[in-house]
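Please read the structure below before turning to the comments.
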Amino acid sequence: MPLRVINPYNRQVYTELAYDTDSQIAEKIATARKTFAAWHRLPLEERMAAVSRSLDYFRIHKDRIAEEISCQMGKPIVQSRNEFGGFFERAEHMLEIAPDSLAPELLPPKKGFFRRIDHEPFGVVLDLAAWNYPLLIPVNIVVPALLAGNTVLIKHSAKTPLCGLHFEKAFSQSMPGLVQNLMMTHDQTLKLIRNHPIDHVVFTGSVPGGSAIYRSAANRLMDVGLELGGKDPAYVAEDADLEFSIANVVDGACYNAGQSCCAIERVYVHRKQYPAFLAGAREALDAYRMGDPLDDKTTLGPLASRSTLQLLDRQVSDALGRGAQVLAGGKRLADTGGNFYLPTLLTEVPNEAEAMQEESFGPMLPVCPVNNDREALKLMNDSRFGLTASVWTSDQERAEWFARRLHTGTVYQNRCDYLDPGLPWTGVGESGLGSSLSKYGFYHLTRRKSIHFRTRT
């Protein structure tokens, strides 16, 4: 059976692709190892030039790739085009910092000795990329992995497999075998990790998926990077710029139909701001336009997965059973075959509700009032996830107070749902392991080699 990609807007088959055979997979791994032998010995300046040239492919084919993304996973076409901005920002930043990040570290002089720390590539890196940001997620790994001297095997999500092919086409222009696309089932993927000579795995996806990857890699004592789930909280403090906060919190919850690892998934609002926040949020949610993702006027597309409709229904029902109320949405869009869910505003949602504890990955905004900062902090930290958290306040000291106490990878003040490539992207708890972007992204794609010479005998 081939892989069938279903357009979530009309639920028609968009494309079909054949899975790789076991022999094809083995051949690609052998090619990656052979290419690595030549690639990692090139001077960094030559690797940087090759990567930079390869990025031009995405500039040339931007319109085609954006349309494919929208048809594969339902992202509105304007947002698919916007993804290229972040793609190039991240790639160019990693290119800029590569010389300093990968430079050998010389230790202070010590009489009779020479000491240095080198950053050496792993070898063959397997990147298991997710569908929700099918360019941004793999670029976090592919570009720094190549710059560090690795070669890459990319296995993209079954929802967005065409994106993996584009990465292969782009980088094979610089050196055949540098980046190769794999078409594999989940079982083939786990078998590859357990049995084949790859050197590092990076996975972006669900907690169960990450656990399966981790167990498979453990058989070979191989390092992994995992970016998993999130249930990212926002706190609107009593001194917040309310109009600004409402616009950005709602956008942070509903951009890409809420299908972002760092989307705002639960909101705590100071009681002083609570009534006005609910009124403004409802107005903002009502303004979304649902429709054909290829229409420039569409601002909220269908969900990529049909099963998410059932998940959101269940979370709404659970919240209502615990005393919450629906102020907007709370149900599927009627009279459509697509995977549409109305942008939803839930109020008075207790923290033990599923909507406050389990990842929604949809256009849902569950809100709870709080009396003060300490109550907000306690509820924000009441989660097994820890990817990002945002504090909406005009007081930087208040934001710093939260930053010192929040159990999370990133703390924002008056911002959300954005990755600055100068900062490490990392999480705590069930949000994952390791880091990408920044100099720490390079460190996670290399190993340390200690050089310890006695120069006098």
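Our numbering applies: residue 19 is where the sequence shown begins, and numbers increase by one. A virtual CB, placed ideally from N, CA and C, is assigned to each residue, including glycine.
> Is DSSP giving T49 helix, strand or coil here?
Replying inline: In the three-state scheme derived from DSSP, where H, G and I count as helix and E and B as strand, T49 is classed as helix.
> In chain order, what residues of the same chain lie with their CB nearer than 6 Å to the CB of C434, ignoring the 5 residues before and after it?
Replying inline: Contacts found: G270, I282, S408.
>> Please classify H470 as buried or exposed, where buried requires at least 16 neighbouring CB atoms within 10 angstroms.
In response: H470 is exposed by the Cβ-count criterion.
> Is the stretch 414 to 432 touching the stretch 118 to 125 in the sense that three or more CB pairs, one from each, lie closer than 8 Å?
Replying inline: No: fewer than three Cβ pairs fall under 8 Å.
> Between Y461 and H137, what straight-line distance do the alpha-carbon atoms span, to the nearest angstrom?
Replying inline: Looking at the two C-alpha atoms, the distance is approximately 7 Å.
>> Tell me the rounded alpha-carbon separation between A116 and M66.
In response: Just so you know, the alpha carbons of A116 and M66 end up roughly 8 Å apart.
> Since L351 and L363 are thought to touch, with beta carbons under 8 Å apart, how far apart are those beta carbons, to the nearest angstrom?
Replying inline: Contact between L351 and L363 fails: their C-beta atoms lie close to 16 Å from each other, not under 8 Å.
> What did DSSP end up calling P94 once you bin it into helix, strand or coil?
Replying inline: Secondary structure of P94 (DSSP, three-state): coil.
> Is DSSP giving M308 helix, strand or coil here?
Replying inline: If DSSP states are grouped into helix, strand and coil, M308 belongs with the strands.
>> Applying the 10 Å Cβ sphere with the 16-neighbour rule, what's the burial state of H204?
In response: Label assigned to H204: exposed.
> When you compare only the Cα positions, how much space is there between R233 and D217?
Replying inline: Linking R233 to D217 through their CA atoms gives a straight-line distance of about 15 Å.
> In angstroms, rounded to a whole number, what distance separates the CA positions of D241 and L144?
Replying inline: Just so you know, the alpha carbons of D241 and L144 end up roughly 11 Å apart.
>> List, from N- to C-terminal side, the beta strand (DSSP E) runs of 3 residues or more that fit wholly inside the stretch 272 to 331.
In response: The stretch 272 to 331 contains these whole beta strand (DSSP E) runs: 282 to 288.
> Going by the beta-carbon positions, is the gap between G319 and G92 smaller than 8 Å?
Replying inline: Yes, Cβ-Cβ distance for G319 and G92 is below 8 Å.
>> Quick check: what's the CA-CA separation for R51 versus T169?
In response: C-alpha of R51 to C-alpha of T169: approximately 8 Å in a straight line.
> Which residue from K315, E261, D310, N158 puts its Cα closest to that of A302?
Replying inline: The shortest Cα separation from A302 among K315, E261, D310, N158 belongs to E261.
> Is it true that the stretch 26 to 44 meets the stretch 316 to 330, where meeting means three or more beta-carbon pairs spaced less than 8 Å apart?
Replying inline: Yes, the stretch 26 to 44 touches the stretch 316 to 330.
> Alpha carbon to alpha carbon, how far is G104 from T316?
Replying inline: Distance between the alpha carbons of G104 and T316: 21 Å.
> Which partner residues does G247 have in the DSSP bridge list?
Replying inline: For G247, which the question treats as bridged, DSSP gives no partner whatsoever.
>> Going by DSSP, what residue range makes up the beta strand (DSSP E) through I172?
In response: Annotation: the continuous beta strand (DSSP E) that includes I172 extends over 169 to 174.
> Between the C-alpha atoms of A258 and W410, what's the straight-line distance to the nearest angstrom?
Replying inline: A258 and W410 have their C-alpha atoms some 5 Å from each other.
> I think G341 touches L405, with their Cβ atoms under 8 Å apart; what is that distance to the nearest whole Å?
Replying inline: Cβ atoms of G341 and L405 stay farther apart than 8 Å, at about 28 Å.
> Alpha carbon to alpha carbon, how far is L208 from I231?
Replying inline: C-alpha separation (whole angstroms): 7 Å.
>> Helix, strand or coil, according to DSSP, for M202 in the structure here?
In response: In the three-state reduction of the DSSP assignment, M202 falls in the coil class, being assigned neither a helical nor a strand state.
>> Suppose you measure from the CA of V254 to the CA of I264; what does that come to, to the nearest Å?
In response: When rounded, the distance between both Cα atoms is 9 Å.
> Just checking my contact of L200 with L239 at CB under 8 Å: how many whole Å lie between their CB atoms?
Replying inline: About 23 Å separates the beta carbon of L200 from that of L239, a gap too long to meet the 8 Å contact definition.
> Got a sec? Which residues, its chain only, sit under 6 Å from E34 by beta carbon, not counting five neighbours each side?
Replying inline: Within the same chain, and ignoring the five residues on either side of E34 in sequence, the residues whose Cβ sits closer than 6 Å to its Cβ are P20, R22.
>> Once the 5 residues before and after A109 are set aside, which same chain residues still bring their CB inside 6 Å of it?
In response: These residues qualify, in order along the chain: L73, V157, V161.
> Does the beta-carbon distance from Q333 to K249 come in below 8 Å?
Replying inline: In this structure, Q333 lies away from K249, with their beta-carbon atoms at least 8 Å apart.
>> At the level of alpha carbons, what is the spacing between G356 and C89?
In response: Rounded to whole angstroms, G356 to C89 spans 12 Å at the Cα level.
> On the three-state DSSP scale, how would you describe T207?
Replying inline: Helix.
> If you run the structure through DSSP and keep just helix, strand and coil, what is M398?
Replying inline: Per DSSP, reduced to three states, the secondary structure at M398 is helical.
>> Using 8 Å as the threshold, is the C-beta distance between F102 and R472 below it?
In response: Going by C-beta atoms, F102 is not nearer than 8 Å to R472.
>> Can you find the residues in the same chain that come closer than 6 Å, C-beta to C-beta, to E245, ignoring five residues on each side of it along the sequence?
In response: Correct list, in chain order: T222, G450.
> Under the three-state reduction of DSSP, which class applies to S192: helix, strand or coil?
Replying inline: In the structure shown, S192 sits in coil (DSSP, three-state: anything other than H, G, I, E or B).
> Going by DSSP, what residues sit across from L351 in a beta bridge?
Replying inline: None; L351 has no bridge partner.
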